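Here is the structure we will look at, set down as structure tokens.
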Amino acid sequence: MVRAVLDGNMESSQYEDTMREMFGIEAYQLFTMDKVVQNIVRQVQHLVMDDTPSRLTKLFEEQREKSGAGGRWATRHQRAAVEQSYQRQAEAILVDDNPFKFIFRSLTAQMEIDMLDPPPESNDSVKETSTWSSYLNDYSTNKTNEEFLHRVGNSRAIYLFRNKRKNPFWKDFKKQHDSSVKEDKDDEEEEEDEDED
Numbered sequence: 005m006v007r008a009v010l011d012g013n014m015e016s017s018q019y020e021d022t023m024r025e026m027f028g029i030e031a032y033q034l035f036t037m038d039k040v041v042q043n044i045v046r047q048v049q050h051l052v053m054d055d056t057p058s059r060l061t062k063l064f065e066e067q068r069e070k071s072g073a074g075g076r077w078a079t080r081h082q083r084a085a086v087e088q089s090y091q092r093q094a095e096a097i098l099v100d101d102n103p104f105k106f107i108f109r110s111l112t113a114q115m116e117i118d119m120l121d122p123p124p125e126s127n128d129s130v131k132e133t134s135t136w137s138s139y140l141n142d143y144s145t146n147k148t149n150e151e152f153l154h155r156v157g158n159s160r161a162i163y164l165f166r167n168k169r170k171n172p173f174w175k176d177f178k179k180q181h182d183s184s185v186k187e188d189k190d191d192e193e194e195e196e197d198e199d200e201d
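This is the structure:
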């Protein structure tokens, strides 16, 4: 009857009713069997049709030949580097997915499932973040702005003189710049006088 349901010759509701009539309460395991088999078939179709599972299967077969995909528990330290390489290659294939690591221990009949951590962020992103935060910090402090304006004032202008005269900012800037240049000249003259003495 399960085969008839899977082939499409019998509907699942009719199969469920038949199983309940035949076995009563214990029929639960039988009429859920068709759902389990359907899910297994769906998963197998996914494995065959999708590119990622086929690439992972191929990688597994390659690593199995190199003893990188398992072996005796007592010799695991000898193949640790090969298994680590296999794990990195599998993670590269599963970039957008959460990879899991399955460890089977046949002697104790145990299975361990570990969700692997995503690879750490590169130092470039940390460096960019620190550079950006230092930029924001420098931009928001007056000291840096004053240093910038002083440097701009000492450098040759890259704007047209007519635009400078029209903009009120530059009038205030010129007053500040002239006073700072005068102070710098006074300081230099004092230093020269001290050097002569």
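5 is the number of the first residue of the sequence shown in the numbering used here; add one for each residue after it. All C-beta atoms in this analysis are idealised placements derived from N, C-alpha and C, irrespective of residue type, glycine included. Keep in mind that this is a model prediction, so the values were computed, not measured.
| task | Can you tell me which of the three DSSP states R46 falls into? | result | Three-state DSSP puts R46 in a helix.
| field | Cα-Cα separation between E87 and L10, rounded to whole angstroms | value | 40 Å
| If you drop the 5 nearest sequence neighbours on each side, which residues of the same chain put their C-beta closer than 6 Å to that of F64? | A73
| Among F35, N43 and L60, nearest to I97 - alpha-carbon criterion | L60
| request: Provide the residue(s) that pair with R109 in DSSP beta bridges, ordered along the chain. | output: Q114
| For the region 76-107, which segments carrying the beta strand (DSSP E) assignment without a break, of at least 3 residues, lie completely within its bounds, in sequence order? | none
| query | What separation, rounded to the nearest whole angstrom, lies between the Cα atoms of I117 and M53? | reply | 25 Å
| query | According to DSSP, which residues form a beta bridge with M119? | reply | F104
| The alpha helix (DSSP H) with D55 in it runs from where to where? | D55 to E69
| message | In the DSSP assignment, the alpha helix (DSSP H) including E15 goes from what residue to what residue? | response | Looking at the DSSP string, E15 is not in any alpha helix (DSSP H), and its letter there is neither H nor E.
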